[in-house]
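Chemist: One structure, pasted below without further comment.
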Amino acid sequence: MPDFYSNFRELQLHEREGRDYQIKVSQKWHRVLVIAPHGGKIEYYTSHIAKWLAGEDFAWYSFEGINDGDNRLLHITSHKFDEPIVLRALQEAQTVLTIHGQKNALDEFLMIGGLDSSFGTELRVALQHCSFIVKESEKGYRGEMATNICNRGCTGKGVQLEISFALRKKIFEDLECRFRFINTIRSRIKARDQFGSTSIDNEN
Ligand SMILES: [Zn+2]
């Protein structure tokens with residue numbers, strides 16, 4: 065289905081904050097930012113997963129559909145998602161991870177996209193090592209456009225995860241699976257963030 069709104073301003077003219085959508089953010093910003101641009105009822109469980117991944121130490125942002133009708137209308141495609149709060153937060157973000165929902169309700173898998181292919185590969189290897197199924201990104205799910213929200217941090221490249229509905233539901237309901245999924249990704253982010261801050265210090 066093509067998007068109903070082509071940018072945030074257009075959406076804002078027709079949808080009401082607090083009734084149709086809400087924007088939730090972590091208390092503090094951080095150079096690691098986890099984003100659910102299609103959260104709430106738009107792509108179920110992606111808001112939860114983004115918050116769990118950020119935990120207490122990283123920043124998160126969640127744009128959530130909350131109306132009683134068709135929340136698909138609130139889906140602004142990733143390379144057009146231009147809500148101002150997240151764009152500001154992205155100016156300070158070194159590591160950007162966006163969380164999306166793929167609709168397959170039978171098979172538990174994810175696809176990894178975005179321009180940061182080295183971080184994407186690290187995540188793929190780590191997740192596969194922990195028994196998650198990582199599929200080759202299908203066309204349209206690769207997140208390779210420069211304006212894709214995952215690529216708009218200060219490095220110009222980030223990672224997006226497209227998680228099947230079946231796997232999202234499992235992560236939500238099964239604590240063992242949730243722990244394994246969240247911790248695998250968080251430990252990769254931490255390793256990377258440490259390395260990143262060290263190299264910044266070295267330049268001073
Ligand atoms: Zn999405």
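Each step along the sequence shown adds one to the number in this note's numbering, with nothing skipped, and position 113 is 177. For glycine and all other residues, C-beta sits at the position ideal for the given N, C-alpha and C.
#1: Within a Cβ cutoff of 7 angstroms, which residues of the same chain sit near R250, ignoring the five residues on either side of it in sequence?
#2: Ignore the nearest five residues each way along the sequence and tell me which others in D171's own chain have a CB closer than 7 angstroms to its CB.
#3: Helix, strand or coil for F68 per DSSP?
#4: Any chance the CB of H102 is under 6 angstroms from a heavy atom of ligand 1?
#5: If you follow the alpha helix (DSSP H) that S201 is in, where does it begin and where does it stop?
#6: Please state whether DSSP places L170 in a helix, a strand or coil.
#7: Could you name the residues that DSSP lists as bridge partners for Y125?
#8: Assign F243 to one of two classes, buried (16 or more other C-beta atoms within 10 Å of its C-beta) or exposed (fewer than that).
#9: Considering Q224, what are the terminal residues of the beta strand (DSSP E) in which it resides?
#10: Between which residues of its own chain and H139 is the CB-CB distance below 7 angstroms, once the five residues before and five after are set aside?
#11: Among residues of its own chain, excluding the 5 on either side of K221, which ones have a beta-carbon nearer than 6 angstroms to its beta-carbon?
#12: So is the beta-carbon of E128 under 6 angstroms away from any non-hydrogen atom of ligand 1?
#13: Taking the straight line between their C-alpha atoms, what separation do you get for F127 and H193?
#14: Starting from G104, follow its DSSP beta bridges and name the residues at the other end.
#15: Pick helix, strand or coil for G177, following the three-state DSSP scheme.
#16: I176 and G184 - do their beta-carbons sit closer together than 7 angstroms?
#17: Since V159 and D257 are thought to touch, with beta carbons under 8 angstroms apart, how far apart are those beta carbons, to the nearest angstrom?
#18: Assuming A123 contacts A114 (C-beta within less than 8 angstroms), just tell me the rounded distance between them.
#19: Looking only at DSSP bridge pairs, what is I163 linked to?
Modeler: Taking the definition as stated:
#1: L117 and G119
#2: S228 and A230
#3: coil
#4: yes
#5: Here S201 belongs to no alpha helix (DSSP H), and DSSP marks it neither H nor E.
#6: coil
#7: V89 and I99
#8: exposed
#9: V223 to S228
#10: D67, H102 and I106
#11: L179, D180 and N215
#12: no
#13: 31 angstroms
#14: G129
#15: strand
#16: yes
#17: Looking at the sequence provided, one finds Thr at residue 159 rather than Val. With 8 angstroms as the limit, T159 and D257 qualify as a contact, their Cβ atoms being about 6 angstroms apart.
#18: Contact flag wrong, Cβ pair sits at about 10 angstroms.
#19: L225
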